[in-house]
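Below is one structure; the comments refer to it alone.
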Amino acid sequence: MTEEKLVGIVLVSHSAEVAASVAELAKGLAGGATAVPVAPAGGVEGGGLGTSAELVSAAAASVDRGAGVAVLTDLGSAVLTVKALLAEGDELPDGTRLVDAPFVEGAVAAVVTAAAGGDLDAVEAAATEAYGYRKV
């Protein structure tokens, strides 16, 4: 599968550092997954904690390869911001989907699945299944 056909992944957190670190972790645990377009969208313009619709939109546009964009969020206003952007209808690339998944585990599962050539439905399913990962 060519790079243009891979699902893009956006990781939205209230913290730029958290979003970037989870992106790095997910790509690293997926064997580098250098072809998978992953973009963090954390914090607000100029730094600080929060969620920025502009950063989310820019991140989604940067990872769009025509196979859909999976957006994973950490909590609260990150979810609301993505839902508002989706409701607008023209702020995010066609085929953008908010994925209900745990942030870290879901990001890893999404990147691994996208790296294997999974379509948007497969990426969403893998990320969602991460809710069932048991630790004890």
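For the sequence shown, numbering that gives the first Met the number 0 assigns the number 0 to the initial residue and increments by one for each residue that follows. The beta-carbon is built from N, C-alpha and C at its ideal position, and this holds for glycine as well. All values reported here derive from a predicted model rather than from experimental measurement.
Quick check on DSSP: helix, strand or coil for residue i?
| i | result |
| --- | --- |
| residue 2 | Residue confidence is low: residue 2 scores 44 on pLDDT, short of 50, so the model does not pin down where it sits. Its coordinate-derived value is still stated next. Residue 2: helix per DSSP, three-state reduction. |
| residue 45 | coil |
| residue 33 | coil |
| residue 98 | coil |
| residue 14 | coil |
| residue 88 | coil |
| residue 71 | strand |
Of all the options the options, which has the alpha carbon lying nearest to the alpha carbon of residue i?
| i | options | result |
| --- | --- | --- |
| residue 123 | 131, 133 and 108 | 108 |
| residue 110 | 26, 21, 134 and 20 | 26 |
| residue 67 | 127, 20, 92 and 114 | 92 |
From the DSSP secondary-structure annotation, give me the bridge partner or partners of residue i.
| i | result |
| --- | --- |
| residue 9 | 38 and 70 |
Can at least three beta-carbon pairs, one atom from the segment 25 to 43 and one from the segment 7 to 14, be found at a separation below 8 Å? Short answer: they touch.
I'd like to know if the segment 95 to 109 and the segment 118 to 135 are in contact, where contact means that at least 3 CB-CB pairs between them fall below 8 Å. Taking 8 Å as the limit for Cβ pairs, the verdict is that the segment 118 to 135 does touch the segment 95 to 109.
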